[in-house]
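Enquirer: Sending over a structure as C-alpha cells; questions will come in a sec.
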Amino acid sequence: MTTLNILMAQMNTLVGDFEGNTAKVIATVKSAEQQCAEPVVVFPELTLIGYPPEDLLLRPSVELRVNQSLETICAAMTGNAWVVLGYPRREGIALYNVAGVIHRGKLVAEYRKQCLPNYEVFDEKRYFQAGDAPCVVTIAGVRVGLTICEDIWETAPVRDSVQAGAELLLNLNSSPYHRGKRVERWSLVGERASTNNCPIVYVNQVGGQDELVFDGGSFAVDAEGKVCASVPHFVEGDYWLTAHKSDAGISFGGLEVEPAMDELEATWQALVLGMRDYVNKNRFRGVVLGLSGGIDSALTLAVAVEALGPARVEAVMMPFRYTLQMSVEDAAEQAHLLGVKHKVISIEPMYEAFMASLQEEFAGTQPDTTEENLQARCRGVILMSISNKKGLLVLTTGNKSELAVGYSTLYGDMAGGFDVLKDIPKTLVFELSRYRNTFGPCIPQRVIDRPPSAELAPDQKDEDSLPPYPVLDRILELYVEQDFSASAIIATGMDAEQVHRVLRLVDINEYKRRQAPIGVRTTRRGFGRDRRYPITSGWTLGD
Numbered sequence: 007m008t009t010l011n012i013l014m015a016q017m018n019t020l021v022g023d024f025e026g027n028t029a030k031v032i033a034t035v036k037s038a039e040q041q042c043a044e045p046v047v048v049f050p051e052l053t054l055i056g057y058p059p060e061d062l063l064l065r066p067s068v069e070l071r072v073n074q075s076l077e078t079i080c081a082a083m084t085g086n087a088w089v090v091l092g093y094p095r096r097e098g099i100a101l102y103n104v105a106g107v108i109h110r111g112k113l114v115a116e117y118r119k120q121c122l123p124n125y126e127v128f129d130e131k132r133y134f135q136a137g138d139a140p141c142v143v144t145i146a147g148v149r150v151g152l153t154i155c156e157d158i159w160e161t162a163p164v165r166d167s168v169q170a171g172a173e174l175l176l177n178l179n180s181s182p183y184h185r186g187k188r189v190e191r192w193s194l195v196g197e198r199a200s201t202n203n204c205p206i207v208y209v210n211q212v213g214g215q216d217e218l219v220f221d222g223g224s225f226a227v228d229a230e231g232k233v234c235a236s237v238p239h240f241v242e243g244d245y246w247l248t249a250h251k252s253d254a255g256i257s258f259g260g261l262e263v264e265p266a267m268d269e270l271e272a273t274w275q276a277l278v279l280g281m282r283d284y285v286n287k288n289r290f291r292g293v294v295l296g297l298s299g300g301i302d303s304a305l306t307l308a309v310a311v312e313a314l315g316p317a318r319v320e321a322v323m324m325p326f327r328y329t330l331q332m333s334v335e336d337a338a339e340q341a342h343l344l345g346v347k348h349k350v351i352s353i354e355p356m357y358e359a360f361m362a363s364l365q366e367e368f369a370g371t372q373p374d375t376t377e378e379n380l381q382a383r384c385r386g387v388i389l390m391s392i393s394n395k396k397g398l399l400v401l402t403t404g405n406k407s408e409l410a411v412g413y414s415t416l417y418g419d420m421a422g423g424f425d426v427l428k429d430i431p432k433t434l435v436f437e438l439s440r441y442r443n444t445f446g447p448c449i450p451q452r453v454i455d456r457p458p459s460a461e462l463a464p465d466q467k468d469e470d471s472l473p474p475y476p477v478l479d480r481i482l483e484l485y486v487e488q489d490f491s492a493s494a495i496i497a498t499g500m501d502a503e504q505v506h507r508v509l510r511l512v513d514i515n516e517y518k519r520r521q522a523p524i525g526v527r528t529t530r531r532g533f534g535r536d537r538r539y540p541i542t543s544g545w546t547l548g549d
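Everything in the sequence shown is counted per the numbering used here, starting at 7 for the first residue and increasing by one.
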C-alpha cells in the first residue's frame, strides 16, 4: 500500500502581501516536514497574491514579485515536501491562474486554470487567459491531477485529468461563502468524483477580503462521491489527511467529517470573520458605532465585540427629543453586558445650531423629512469626528432591507466605513439577534420585541413607511437575488400595489447604494460586486 500524507493548508492570506504570504507558505511547509518525511502540502488558489487581487493583476511588477516569491520558496524547500500552491503566471502577453508543484527546491510542474468564472462576484476573464490542458504529476507513486476552483464546477477539466491518468485530484480554491454554499460544494464535488471514479481533495482559503468572506471548510470525497473528511469552517489551520492507495483504489483516513454547521451559526461566523479581518487587515485600532437602542445597532455591536473584543469597541448613544427613554436604557444595558466603552452625546445643541443657520433658507416651508435627515446627519458628524480623532473605524448599522429601498440617510446613518449587516435582511436580523442570545446575555429582549423605529419623528415606526418586513424581504429576495419581474412576483401571491412600490424604491435608490460603505456578503447577490446597475437609466420599472 502507498500512502500520501496530505496537509490541507486552509490559509488566511492578505491580498497583495507577497512577502507575508510567502513567509506563511514557508513556515507551513517547514512545520509539515517536521511532522512527516514526505508531506504533500496543498495551499489555496492564488495563495502568493491573495484572492481576489482585482486590478493589482494589471500592475507590471506582479510578474517580478511572483518570481521573487517562487525563488524564495524554492530556496527554502530543502526537504522532501511536495508543495502545491496557486499564483498568477505571465507568459508573453497572457496571464494565467496557475497551480504550481515544487519539490526539492525546483518547480516541477504547472497547471493553468481552464474555467474562468465571470458571474456573481467573479471577474476572472478581465485578467486571465484560460488554460487548455490537464496536468498530472506522479507523487510517491500516485498520479495526481491538478484543478483550480471553477474547474470543478465544469465537467471537462476533471474528465480530462482522469483520462490523462490521474488517480487522485487536488482542487485549489478561493471559494467565497454565501448561505447554503457548503451543501452545494459537497454535492457538486461528490458528483464529479463519482462520475469520473476519482477521489478529490478540495482545499479552500479562509478569511475576509473586503466584502467577501472565504469560509474554508476544506474536504475530501472518495471515488464514489462520499465525503470522507472535512475540516472546520471559518477557521485558519493546517489539517492532515492520509490517502491510501491499494489495488482497490484510494481511500482517505486521518480526519473525521466535521458536523454540519447550522445556517444561522454559519452566517454569524461569516459576519464575525468578515468584520475582524476588515478591521485588522486595514490596521484600524478599533471601531465606533452609534448605539440607538434599536435592533440593528444592537446586533452590529454584538458582532463587533465577538470579532474584536470589548476593549476595541466604542458605542455612542446620541439621543434627541424623539428618542424614547427605553432606547437610552436598552443601549446602556447592552453596553454594560458586553463591557464596551459607552458615551451619551445629545444631538439637540447641534441640531438647533443647524436649524438656526438654515432659518432663512427654510422660511415659509413646513417640517418634513429634511429635519429627520438632519438628525441623522448630526449623528454622522459626531461619529466621524470621533473616528478622525481616535483612529477608529465607524460601523454603520443599516440592513439589506433598508439599503434596498433607500430607508437611510446619505451622510447620516450611512456615513462610515463598514456595514456588517449590509447583506442581512431585516427578518434575518431578528433571527441572528435571538441566536446570539442563546450563548449568553447580549441584546435586551425588549430591543428584539419592540416594533422597529428610526425615532426621527414622534411615535414613528418603520411600517409607517414600509410594508411589514416579512413581506418586504420576500419581495426583495425575489427581485434582487432571483431576478423575478414584477409580474412574476405578483404571480406568487404578493399584493400588486406593494410589489410595484417596493420595486420602484429599489430602482430609484441605486445612487444611494453606490455611496454606501462595503459590508459582508452572505447571499448569492448582495449590493456590491455582484449587482451592478446603472444609476441613470430608462429601464421600465420591475422588468
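Think of the CB as a built atom: it goes at the ideal place given N, C-alpha and C, for glycine as much as any other residue.
For residue 291, which of helix, strand or coil comes out of DSSP?
Expert: Note: residue 291 maps to coil in three-state DSSP.
Enquirer: Please give the ranges of any alpha helix (DSSP H) in the segment 131-197, keeping only runs that are unbroken, at least 4 residues long and fully inside the region.
Expert: Counting whole runs of 4 or more residues, the segment 131-197 contains the alpha helix (DSSP H) stretches 162-169.
Enquirer: Which term fits residue 17, buried or exposed, when burial requires 16 or more other beta carbons within 10 angstroms of its beta carbon?
Expert: Buried is the call here.
Enquirer: Any chance you could list the alpha helix (DSSP H) runs of at least 4 consecutive residues sitting entirely within the segment 438-513, in chain order?
Expert: List check, alpha helix (DSSP H) in window: 451-455, 475-482 and 492-497.
Enquirer: Taking the alpha helix (DSSP H) that residue 396 falls in, what are its first and last residues?
Expert: Segment 375-396, the alpha helix (DSSP H) holding residue 396.
Enquirer: Do residue 178 and residue 154 come within 8 angstroms of each other at the CB atom, strictly closer than that value?
Expert: Yes, they are a contact pair.
Enquirer: Identify every residue that forms a DSSP beta bridge with residue 95.
Expert: Paired residues: 102.
Enquirer: Here's a check: name, in chain order, each residue in its chain whose Cβ is nearer than 7 angstroms to the Cβ of residue 380, leaving out the five neighbours to either side.
Expert: Result list for residue 380: 357 and 360, in chain order.
Enquirer: Specify the secondary structure class of residue 220 as computed by DSSP and reduced to three states.
Expert: Three-state DSSP puts residue 220 in a strand.
Enquirer: Answer yes or no: do residue 313 and residue 295 have a C-beta to C-beta separation smaller than 8 angstroms?
Expert: No, these two residues do not count as a Cβ contact at 8 angstroms.
Enquirer: For residue 43, count neighbouring C-beta atoms within 10 Å of its own C-beta (all shown protein chains included) and say buried if the count is 16 or more, exposed if not.
Expert: It is exposed - the Cβ of residue 43 has fewer than 16 other Cβ atoms within 10 Å.
Enquirer: What would DSSP say about residue 315, mapped onto helix, strand or coil?
Expert: In this structure, residue 315 counts as coil in the three-state DSSP scheme.
Enquirer: Between which residues of its own chain and residue 280 is the CB-CB distance below 6 angstroms, once the five residues before and five after are set aside?
Expert: Answer for residue 280: 214, 219 and 526, listed in chain order.
Enquirer: Does the beta-carbon of residue 500 have 16 or more other beta-carbons within 10 angstroms, so that it is buried, or is it exposed?
Expert: Looking at its Cβ environment, which holds 16 or more other Cβ atoms inside 10 Å, residue 500 is buried.
Enquirer: In the DSSP assignment, what residue or residues form a beta bridge with residue 320?
Expert: Answer is 294 and 347.
Enquirer: Report the option in 246, 483 and 267 whose CA atom is closest to the CA atom of residue 45.
Expert: Among 246, 483 and 267, the Cα nearest to that of residue 45 belongs to 246.
Enquirer: Considering only residues of the same chain and omitting the five flanking positions on each side of residue 450, which have a CB-CB separation below 7 angstroms?
Expert: The residues are 336, 339 and 340.
Enquirer: Straight-line CA distance for residue 169 to residue 202?
Expert: Spanning the two alpha carbons is a distance of roughly 9 angstroms.
Enquirer: Please classify residue 340: does DSSP put it in a helix, a strand, or coil?
Expert: Correct three-state label for residue 340: helix.
Enquirer: Checking 8 angstroms against the spacing of the C-beta atoms, do residue 417 and residue 386 come in under that value?
Expert: Cβ distance < 8 angstroms, so residue 417 and residue 386 count as in contact.
Enquirer: Would you give the residue range spanned by the beta strand (DSSP E) that residue 215 belongs to?
Expert: 212-215 is the extent of the beta strand (DSSP E) around residue 215.
Enquirer: If we count Cβ pairs, one from each stretch, closer than 8 angstroms, do we get three or more for the segment 271-279 versus the segment 231-249?
Expert: Yes, the segment 271-279 is in contact with the segment 231-249.
Enquirer: Compute the Euclidean distance between the alpha carbons of residue 402 and residue 321, then round it to the nearest angstrom.
Expert: Cα to Cα, residue 402 sits roughly 12 angstroms from residue 321.
Enquirer: Just to confirm, are residue 511 and residue 412 a CB contact at a threshold of 8 angstroms?
Expert: For residue 511 and residue 412, yes; Cβs fall inside 8 angstroms.
Enquirer: Mapping DSSP to helix, strand and coil, what is residue 234?
Expert: It is a strand residue.
Enquirer: Would residue 66 pass as a contact of residue 120 if the rule is Cβ separation under 8 angstroms?
Expert: Not a contact, by the Cβ cut-off of 8 angstroms.
Enquirer: Which of helix, strand or coil does DSSP assign to residue 254?
Expert: It is coil, neither helix nor strand.
Enquirer: Given a threshold of 16 other Cβ atoms within 10 Å of its Cβ, counted over all protein chains shown, does residue 258 qualify as buried or as exposed?
Expert: Answer is buried; the Cβ neighbour count reaches 16.
Enquirer: Classify residue 40 as helix, strand or coil using the three-state DSSP reduction.
Expert: Helix at residue 40.
Enquirer: Within the continuous beta strand (DSSP E) that includes residue 118, where are the two ends?
Expert: From DSSP, the beta strand (DSSP E) with residue 118 extends over 112-118.
Enquirer: Smallest Cα separation from residue 132: which of 491, 144, 100 and 157?
Expert: When only C-alpha atoms are compared, the closest one is 100.
Enquirer: Report buried or exposed for residue 288, applying the criterion of at least 16 other Cβ atoms within 10 angstroms of its Cβ.
Expert: Exposed: under 16 other Cβ atoms inside 10 Å.
Enquirer: In whole angstroms, what separates the C-alpha of residue 73 from that of residue 342?
Expert: Between residue 73 and residue 342, the C-alpha separation is close to 52 angstroms.
Enquirer: Leaving out five residues before and five after residue 75 in sequence, what residues of the same chain have Cβ atoms less than 6 angstroms from its Cβ?
Expert: The answer, listed in chain order, is 24, 28 and 54.
Enquirer: Looking at the secondary structure, which residues open and close the alpha helix (DSSP H) in which residue 14 lies?
Expert: Taken as a continuous stretch (DSSP letters only), residue 14 belongs to no alpha helix (DSSP H), being part of the beta strand (DSSP E) at 8-16.
Enquirer: In three-state DSSP terms, what is residue 208?
Expert: Of the three classes helix, strand and coil, the one that applies to residue 208 here is strand, per DSSP.
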